[in-house]
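Residue 845 is where the sequence shown starts when you use the working numbering, and the numbers rise one by one after that. From the three backbone atoms N, C-alpha and C, an ideal C-beta is built for every residue, glycine too. Here's the structure, in structure tokens; my notes come after.
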Amino acid sequence: MTVLAPMRPMAFESYITAAAAAYAEDNVAAGRWPIEGALERSCADLADSLPQGLATPDHYLFEILDGADGPAVGILWFGIVTRHGLRSAFVYDIEIKPEFRRRGHAKRAFEAMEKLVGALGLDSIGLHVFGHNPGAQDLYAKLGYRVTGINMAKKLGSGAVPAEPGAIGGTNP
């Protein structure tokens, strides 16, 4: 059984460090950011998104547990966003530790999140997935998420060079 437990402060500190590196790497790999300054930009984005850390209003950060008393197998972060007067949930991040992947934890975490989002009175959930992550795209499609738009880019000349996994700030969470 997969359980969502409110993220503990110590887990939050570890998460933010790993998330900053992973987000920077994803943006460099996608060709959106140059490698120079990517980690700093990622840290700034996270600080802007969570100015009060775990206490940031309308943001929900969870540790994904393998059972009520089981180990933490990943994290899930969603928030409430308001666009054009409509409130909805937005998944900022989900990460399952490599050794726990392909066991259904992400699927069950999303199912638990959907119940929480419904209890908050919201009727939709959005998310972003990088184009270079077909595994996540497949999972979201299986969970009923549909593509609502596609951003595309073309680098001219000597643009950003994709980073190797773990090249910016260490390993992914």
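Proximity to residue i [Cα-Cα], best of the options
i, options, result
"residue 996", "874, 966, 929", "874"
"residue 860", "991, 918, 977, 1001", "918"
"residue 991", "964, 970, 979", "970"
"residue 916", "901, 886, 993, 854", "854"
"residue 943", "930, 910, 966", "910"
"residue 870", "987, 1000, 977, 927", "977"
"residue 930", "968, 962, 880", "968"
"residue 846", "951, 901, 983", "951"
"residue 966", "884, 877, 927", "927"
"residue 998", "850, 877, 973", "877"
"residue 964", "885, 925, 894", "925"
"residue 993", "902, 862, 972", "972"
"residue 862", "892, 904, 940", "940"
"residue 904", "1001, 850, 974", "850"
"residue 938", "980, 902, 962", "980"
Where the beta strand (DSSP E) containing residue i begins and where it ends
i, result
"residue 904", "903 to 910"
"residue 939", "930 to 940"
"residue 849", "846 to 850"
Residue i vs residue j beta-carbon contact at 8 Å
i, j, result
"residue 908", "residue 953", "yes"
"residue 856", "residue 897", "yes"
"residue 899", "residue 882", "no"
"residue 848", "residue 906", "yes"
One or two residues paired with residue i in a DSSP bridge
i, result
"residue 916", "909"
"residue 970", "934"
"residue 926", "931"
"residue 921", "905, 937"
Enclosing alpha helix (DSSP H) for residue i [first to last residue]
i, result
"residue 962", "949 to 963"
"residue 861", "853 to 873"
"residue 896", "It is not in any alpha helix (DSSP H) - residue 896 carries neither H nor E in the DSSP assignment."
"residue 1000", "Counting along the chain, residue 1000 falls outside any alpha helix (DSSP H), and DSSP gives it neither H nor E."
"residue 978", "978 to 986"
Next on the checklist: Pairs of beta-carbons, one from the segment 907 to 921 and one from the segment 958 to 971, closer than 8 Å: are there three or more?
Outcome noted: Not touching, per the Cβ criterion.
Next on the checklist: Any contact between the segment 945 to 952 and the segment 926 to 935? By contact I mean 3 or more CB pairs, one from each, below 8 Å.
Outcome noted: Judged by Cβ distances under 8 Å, the segment 945 to 952 makes no contact with the segment 926 to 935, as fewer than three pairs qualify.
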